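So the protein lines, in turn, are chains A, B, C and D.
With our numbering, letter number 236 in the first sequence gets 236, and the count goes up by one each step, no holes.
With our numbering, letter number 114 in the second sequence gets 114, and the count goes up by one each step, no holes.
With our numbering, letter number 110 in the third sequence gets 110, and the count goes up by one each step, no holes.
With our numbering, letter number 117 in the fourth sequence gets 117, and the count goes up by one each step, no holes.
Every residue gets a Cβ at the ideal spot worked out from N, C-alpha and C, and that includes glycine.
No experiment lies behind these values; they were computed from the predicted model shown.
Here the structure is laid out as structure tokens; the discussion comes afterwards.
4 protein chains.
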Amino acid sequence: STWKVWTEEDVARTLPKRDGNVHKGTYGTGLLVAGSDDMPGSAALAAIGAMRMGIGKLSVFTESGAKNVIAALVPEATYIQRDFSKKIGDLGQKFAGIAIGPGIEPNEAFEAFIAAAFQEPLPVVLDAGALSKRTYPKRTAPVIVTPHPGEFSRMIDIPSKTIAADRIRLASAYAREQGVVVVLKGQYTVIAFPDGSGIVNPTGNGSLAKGGSGDTLTGMLLANICTHDNIKEAVANAVYIHGACADLWIRENGAATLTAHDFSQLLPRVMHKLEKLCVN
Amino acid sequence: STWKVWTEEDVARTLPKRDGNVHKGTYGTGLLVAGSDDMPGSAALAAIGAMRMGIGKLSVFTESGAKNVIAALVPEATYIQRDFSKKIGDLGQKFAGIAIGPGIEPNEAFEAFIAAAFQEPLPVVLDAGALSKRTYPKRTAPVIVTPHPGEFSRMIDIPSKTIAADRIRLASAYAREQGVVVVLKGQYTVIAFPDGSGIVNPTGNGSLAKGGSGDTLTGMLLANICTHDNIKEAVANAVYIHGACADLWIRENGAATLTAHDFSQLLPRVMHKLEKLCVN
Amino acid sequence: STWKVWTEEDVARTLPKRDGNVHKGTYGTGLLVAGSDDMPGSAALAAIGAMRMGIGKLSVFTESGAKNVIAALVPEATYIQRDFSKKIGDLGQKFAGIAIGPGIEPNEAFEAFIAAAFQEPLPVVLDAGALSKRTYPKRTAPVIVTPHPGEFSRMIDIPSKTIAADRIRLASAYAREQGVVVVLKGQYTVIAFPDGSGIVNPTGNGSLAKGGSGDTLTGMLLANICTHDNIKEAVANAVYIHGACADLWIRENGAATLTAHDFSQLLPRVMHKLEKLCVN
Amino acid sequence: STWKVWTEEDVARTLPKRDGNVHKGTYGTGLLVAGSDDMPGSAALAAIGAMRMGIGKLSVFTESGAKNVIAALVPEATYIQRDFSKKIGDLGQKFAGIAIGPGIEPNEAFEAFIAAAFQEPLPVVLDAGALSKRTYPKRTAPVIVTPHPGEFSRMIDIPSKTIAADRIRLASAYAREQGVVVVLKGQYTVIAFPDGSGIVNPTGNGSLAKGGSGDTLTGMLLANICTHDNIKEAVANAVYIHGACADLWIRENGAATLTAHDFSQLLPRVMHKLEKLCVN
Ligand SMILES: Nc1ncnc2c1ncn2[C@@H]1O[C@H](COP(=O)(O)O)[C@@H](O)[C@H]1O
Ligand SMILES: Nc1ncnc2c1ncn2[C@@H]1O[C@H](COP(=O)(O)O)[C@@H](O)[C@H]1O
Ligand SMILES: Nc1ncnc2c1ncn2[C@@H]1O[C@H](COP(=O)(O)O)[C@@H](O)[C@H]1O
Ligand SMILES: Nc1ncnc2c1ncn2[C@@H]1O[C@H](COP(=O)(O)O)[C@@H](O)[C@H]1O
Ligand SMILES: [Mg+2]
Ligand SMILES: [Mg+2]
Ligand SMILES: [Mg+2]
Ligand SMILES: [Mg+2]
Numbered sequence: 001s002t003w004k005v006w007t008e009e010d011v012a013r014t015l016p017k018r019d020g021n022v023h024k025g026t027y028g029t030g031l032l033v034a035g036s037d038d039m040p041g042s043a044a045l046a047a048i049g050a051m052r053m054g055i056g057k058l059s060v061f062t063e064s065g066a067k068n069v070i071a072a073l074v075p076e077a078t079y080i081q082r083d084f085s086k087k088i089g090d091l092g093q094k095f096a097g098i099a100i101g102p103g104i105e106p107n108e109a110f111e112a113f114i115a116a117a118f119q120e121p122l123p124v125v126l127d128a129g130a131l132s133k134r135t136y137p138k139r140t141a142p143v144i145v146t147p148h149p150g151e152f153s154r155m156i157d158i159p160s161k162t163i164a165a166d167r168i169r170l171a172s173a174y175a176r177e178q179g180v181v182v183v184l185k186g187q188y189t190v191i192a193f194p195d196g197s198g199i200v201n202p203t204g205n206g207s208l209a210k211g212g213s214g215d216t217l218t219g220m221l222l223a224n225i226c227t228h229d230n231i232k233e234a235v236a237n238a239v240y241i242h243g244a245c246a247d248l249w250i251r252e253n254g255a256a257t258l259t260a261h262d263f264s265q266l267l268p269r270v271m272h273k274l275e276k277l278c279v280n
Numbered sequence: 001s002t003w004k005v006w007t008e009e010d011v012a013r014t015l016p017k018r019d020g021n022v023h024k025g026t027y028g029t030g031l032l033v034a035g036s037d038d039m040p041g042s043a044a045l046a047a048i049g050a051m052r053m054g055i056g057k058l059s060v061f062t063e064s065g066a067k068n069v070i071a072a073l074v075p076e077a078t079y080i081q082r083d084f085s086k087k088i089g090d091l092g093q094k095f096a097g098i099a100i101g102p103g104i105e106p107n108e109a110f111e112a113f114i115a116a117a118f119q120e121p122l123p124v125v126l127d128a129g130a131l132s133k134r135t136y137p138k139r140t141a142p143v144i145v146t147p148h149p150g151e152f153s154r155m156i157d158i159p160s161k162t163i164a165a166d167r168i169r170l171a172s173a174y175a176r177e178q179g180v181v182v183v184l185k186g187q188y189t190v191i192a193f194p195d196g197s198g199i200v201n202p203t204g205n206g207s208l209a210k211g212g213s214g215d216t217l218t219g220m221l222l223a224n225i226c227t228h229d230n231i232k233e234a235v236a237n238a239v240y241i242h243g244a245c246a247d248l249w250i251r252e253n254g255a256a257t258l259t260a261h262d263f264s265q266l267l268p269r270v271m272h273k274l275e276k277l278c279v280n
Numbered sequence: 001s002t003w004k005v006w007t008e009e010d011v012a013r014t015l016p017k018r019d020g021n022v023h024k025g026t027y028g029t030g031l032l033v034a035g036s037d038d039m040p041g042s043a044a045l046a047a048i049g050a051m052r053m054g055i056g057k058l059s060v061f062t063e064s065g066a067k068n069v070i071a072a073l074v075p076e077a078t079y080i081q082r083d084f085s086k087k088i089g090d091l092g093q094k095f096a097g098i099a100i101g102p103g104i105e106p107n108e109a110f111e112a113f114i115a116a117a118f119q120e121p122l123p124v125v126l127d128a129g130a131l132s133k134r135t136y137p138k139r140t141a142p143v144i145v146t147p148h149p150g151e152f153s154r155m156i157d158i159p160s161k162t163i164a165a166d167r168i169r170l171a172s173a174y175a176r177e178q179g180v181v182v183v184l185k186g187q188y189t190v191i192a193f194p195d196g197s198g199i200v201n202p203t204g205n206g207s208l209a210k211g212g213s214g215d216t217l218t219g220m221l222l223a224n225i226c227t228h229d230n231i232k233e234a235v236a237n238a239v240y241i242h243g244a245c246a247d248l249w250i251r252e253n254g255a256a257t258l259t260a261h262d263f264s265q266l267l268p269r270v271m272h273k274l275e276k277l278c279v280n
Numbered sequence: 001s002t003w004k005v006w007t008e009e010d011v012a013r014t015l016p017k018r019d020g021n022v023h024k025g026t027y028g029t030g031l032l033v034a035g036s037d038d039m040p041g042s043a044a045l046a047a048i049g050a051m052r053m054g055i056g057k058l059s060v061f062t063e064s065g066a067k068n069v070i071a072a073l074v075p076e077a078t079y080i081q082r083d084f085s086k087k088i089g090d091l092g093q094k095f096a097g098i099a100i101g102p103g104i105e106p107n108e109a110f111e112a113f114i115a116a117a118f119q120e121p122l123p124v125v126l127d128a129g130a131l132s133k134r135t136y137p138k139r140t141a142p143v144i145v146t147p148h149p150g151e152f153s154r155m156i157d158i159p160s161k162t163i164a165a166d167r168i169r170l171a172s173a174y175a176r177e178q179g180v181v182v183v184l185k186g187q188y189t190v191i192a193f194p195d196g197s198g199i200v201n202p203t204g205n206g207s208l209a210k211g212g213s214g215d216t217l218t219g220m221l222l223a224n225i226c227t228h229d230n231i232k233e234a235v236a237n238a239v240y241i242h243g244a245c246a247d248l249w250i251r252e253n254g255a256a257t258l259t260a261h262d263f264s265q266l267l268p269r270v271m272h273k274l275e276k277l278c279v280n
């Protein structure tokens with residue numbers, strides 16, 4: 001099984017074109033399960049990522065306190081009042097993909113919600129509060145988990161330091177055993193696929209080392225699983241482009257000063273450059 | 001009856017000048033009936049469209065949850081607490097035009113509100129939640145309906161696919177039979193008038209294929225029916241300029257990345273270019 | 001008594017310098033009485049005007065629904081919960097100036113509040129909801145009223161059309177009889193002083209003919225009465241600079257597209273140009 | 001003991017680099033105790049300062065009314081519902097530093113909270129409402145107080161005028177006697193250390209003489225005590241960079257027009273210039 005470094009050429013080769021006789025239905029509706037009264041912004045940052053990466057429509061399943069925060073930054077999103085006891089079957093058929101976790105403190109009802117989501121035939125991204133030590137049911141639609149080393153440590157019960165020394169092997173083992181895509185974040189993010197193949201991401205820098213960066217990536221992943229045909233390309237492009245935004249930032253700004261909501265301005269410019277390289 | 005493609009020259013010829021001894025009363029007050037607690041942003045996006053296109057004043061009839069979302073983006077708007085049982089006669093005389101529908105789930109009280117609005121002698125724009133299978137009373141002030149193909153399908157009980165293959169004929173038939181202006185949205189938006197004439201719009205691109213785009217257009221139409229003398233020009237210019245904003249966007253940014261609230265920055269630039277071409 | 005057209009040279013000659021061993025106390029604290037649950041944005045627009053023009057501190061006396069709207073745009077402001085029965089004496093000594101009216105529906109308690117404000121030894125700006133047919137008590141600190149022709153018509157019981165034909169004479173008569181400064185707004189705003197002298201303002205254009213423009217001017221006036229020594233210069237400079245922002249806008253943007261919150265970006269640039277011309 | 005003027009070279013020499021295999025944990029989590037229902041913006045301004053200066057994560061301990069205001073400007077922050085009777089021990093171990101005071105009216109519970117914070121082994125910044133006449137317990141982690149002359153006058157019971165004439169001596173005396181770092185703000189801010197040494201800051205100008213400026217500095221100090229190893233450099237750099245932002249502002253904008261939330265745009269540019277000078 002092959003591992004490769006994802007490059008600008010790979011992005012240019014695999015980025016979907018957005019033209020011709022398309023409409024918002026062409027790009028699917030995503031469900032974002034994120035944000036809470038005490039962590040409202042995380043949902044807004046993920047929503048920025050999803051909308052700017054090109055999702056067709058975005059619905060946010062969140063607590064009421066998070067709504068205005070999201071809406072001020074992403075007025076294009078709509079809302080579903082959070083109630084984790086709500087039957088996910090009511091939600092499942094309307095969406096092309098679902099991302100779960102930023103800004104959520106896990107509890108039992110939330111775990112049941114995640115379990116129900118797994119029963120739906122749609123790709124699932126799990127991040128932050130949705131990451132824990134668990135097994136995954138057999139399903140055809142992909143599951144993508146996006147831990148940083150600290151979160152991965154909790155998921156596999158191995159100290160962060162051990163993980164740091166062995167990122168590719170550990171991520172790949174988990175991906176193969178659990179049948180999920182692992183995005184092990186950090187400098188040179190590792191993406192491991194269930195078939196044993198994988199990708200190392202060359203973009204990004206220390207400006208991303210700040211609360212909120214990962215939330216935006218989760219939203220970008222949600223958009224990409226809704227707009228790409230190929231799941232590997234969907235994930236690799238999201239991770240690459242996320243880092244490329246940070247690389248653009250530090251060419252013009254102090255590395256300590258990036259905040260995740262700056263992606264709203266960075267993504268249009270980074271995507272423009274990449275779309276112009278597109279050959280497909 | 002004639003059909004034509006609307007061009008930059010047509011816009012330059014028909015755009016009202018904004019100078020001399022004018023005041024906000026010169027440009028009329030619009031009433032925007034849009035937004036709800038779960039879809040607050042749609043009203044904000046329509047309000048952006050209305051204010052940036054030059055309406056004199058804007059009053060938004062909306063649920064309380066939507067107010068702060070609108071106000072943060074469009075502090076120039078004022079509010080009327082939504083109550084669809086409120087007599088529309090209380091509202092009707094104060095306004096130069098009314099747009100109804102973005103971000104509203106239809107119900108009986110809402111239908112009654114629309115029916116009452118039709119009794120008022122002012123132009124009415126219907127979009128989104130206000131679009132349904134209905135007939136329209138005889139009236140002198142124009143009605144403009146702005147469906148995308150999915151919405152038009154529900155309005156005329158014909159599958160979207162059939163509509164896609166026959167957009168001009170079907171839009172024009174509806175416009176003539178119902179006596180309304182039909183803006184059938186999508187690539188090459190079709191505008192059909194009750195007299196059988198019509199316009200095809202050449203601007204716009206796939207960057208508009210995202211939730212929220214249509215809401216902004218509705219606000220732009222509201223502004224134009226309040227500021228143009230000629231209803232055909234009012235509608236054609238709004239549609240043309242809406243698409244031209246997207247065309248400007250993709251010259252500088254990734255096509256996947258446009259969000260509807262970017263129109264707040266795009267409209268001033270696009271209008272500047274067009275106003276400079278003005279010969280009237 | 002002399003009337004003159006205020007020019008860029010006049011501004012350059014009279015604009016206070018902001019340097020040296022100054023602190024926020026040097027520029028005074030203003031009290032803005034504006035905004036309501038249904039018109040929250042007007043207070044935000046006035047607050048933008050006040051802060052950008054250089055007030056030292058700004059306190060806003062407003063309804064709770066307006067607070068978040070203001071704070072999102074002007075986080076530098078602080079709040080006093082509106083209660084018009086509150087003794088103005090509690091407020092009066094802390095402030096260098098007070099502006100009253102944008103976004104307020106007048107009622108009896110509000111009238112009493114205005115009457116109490118007149119008893120305080122500080123300059124008062126009255127706009128919008130605070131403008132009505134009234135007489136003014138004898139006081140040493142100036143009163144500035146800022147009607148547009150429709151509001152002036154209500155204040156002096158003369159039809160708008162008659163006013164339009166005779167702006168300077170009517171404004172000046174009111175100023176002399178009532179002992180207040182009259183800012184009669186519109187194209188070529190007229191500023192009439194109690195001593196019979198006056199100013200005609202050459203800046204501004206039709207882009208200002210939109211709801212919200214006047215609210216920003218009220219905030220700018222509040223700042224200027226707190227930061228200038230000379231009341232005539234304070235008023236003339238605010239009016240001149242307000243129009244100059246609109247003149248800058250239309251050099252770069254469509255004239256129909258200006259919104260009042262754009263002053264937040266325009267004032268820093270316009271003031272930069274004017275401060276560089278400063279000779280004092 | 002030495003006193004020196006802090007220079008651009010000093011900043012370039014002491015600014016931490018942000019690259020390599022870092023993550024948000026590398027830069028620590030700060031606790032900001034600021035903002036209230038009537039002064040919500042002060043917390044937002046401090047949060048802007050902290051995030052833009054490079055803190056790893058920021059948690060804001062505030063009243064519920066301040067949350068949405070902060071979140072709209074700094075969606076990267078998270079919240080803890082303010083309750084000053086909450087045991088600080090619950091908070092103390094999670095944080096690398098704590099800043100207390102902007103937008104808070106002091107009361108008994110608040111004083112007890114500050115006293116409890118002093119028991120925790122983490123650096124403490126006190127500003128605004130947290131500044132009063134007090135003594136400080138012996139502790140190893142530094143305390144930084146940031147009064148303007150009016151606040152320092154209350155702290156040491158000496159009239160502002162007397163302070164103005166003797167800033168370095170009085171600040172240094174307090175620093176040595178109380179064992180705290182004193183940032184005596186104003187033109188040429190004086191920074192006095194407990195060991196008798198000190199710094200005079202050459203940056204900044206009258207554009208900072210406006211409500212809100214100090215709040216942003218408090219946030220910048222919070223970030224710096226979390227990201228620098230050396231407390232003197234942490235404080236000196238925050239003060240220098242704060243003033244440098246104002247110096248950049250007036251090169252491009254009117255000096256009267258700066259508002260504290262503009263630091264969100266200024267800090268990335270100022271930091272970029274300084275980081276490029278870095279030799280470490
Ligand atoms: N030093 C670094 N170099 C490159 N990427 C980083 C670095 N630190 C953090 N990131 C990225 O920033 C995001 C942090 O996610 P989170 O920890 O969930 O906020 C992930 O996408 C990381 O890959
Ligand atoms: N592929 C496309 N090309 C041009 N315009 C489009 C395209 N997709 C959507 N639009 C426009 O975007 C808006 C979408 O409206 P709505 O579906 O109500 O959000 C309409 O104005 C459409 O005409
Ligand atoms: N045609 C115009 N030319 C110049 N200034 C105008 C024009 N229309 C409105 N204004 C200004 O815009 C503001 C409108 O105030 P208001 O009517 O209270 O919103 C006042 O400052 C007017 O002087
Ligand atoms: N005239 C001035 N020159 C330089 N810095 C100033 C001046 N006035 C105020 N500042 C700075 O602005 C901030 C004001 O803090 P505060 O009074 O708490 O809002 C402090 O950092 C001061 O040092
Ligand atoms: Mg994360
Ligand atoms: Mg629509
Ligand atoms: Mg007005
Ligand atoms: Mg302060």
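Classify residue i as buried or exposed, calling it buried when 16 or more other Cβ atoms lie within 10 Å of its own Cβ.
| i | result |
| --- | --- |
| residue 226 of chain D | buried |
| residue 64 of chain D | exposed |
| residue 89 of chain C | exposed |
| residue 276 of chain D | exposed |
Would you tell me roughly how many angstroms separate the C-alpha atoms of residue i and residue j, rounded to the nearest one?
| i | j | result |
| --- | --- | --- |
| residue 80 of chain B | residue 126 of chain D | 44 angstroms |
| residue 286 of chain A | residue 78 of chain D | The requested residue 286 of chain A is not part of the displayed model; chain A covers only 1 to 280. |
| residue 123 of chain C | residue 46 of chain D | 32 angstroms |
| residue 34 of chain A | residue 219 of chain A | 10 angstroms |
| residue 67 of chain C | residue 20 of chain D | 43 angstroms |
| residue 11 of chain C | residue 154 of chain D | 39 angstroms |
Rounded to whole angstroms, how far is the Cβ of residue i from the Cβ of residue j, which I believe are closer than 8 angstroms?
| i | j | result |
| --- | --- | --- |
| residue 204 of chain D | residue 42 of chain D | Contact flag wrong, Cβ pair sits at about 19 angstroms. |
Quick check on DSSP: helix, strand or coil for residue i?
| i | result |
| --- | --- |
| residue 156 of chain D | helix |
Item to check | Start-end ranges of the beta strand (DSSP E) lying completely within the stretch 77-130 of chain D, minimum 3 residues | outcome: 78-81, 97-100, 124-126
Checklist entry - Which whole runs of the beta strand (DSSP E) in the stretch 147-210 of chain D are 3 residues long or more, in chain order? => result Here the runs fully enclosed are 181-184, 190-192, 198-200.
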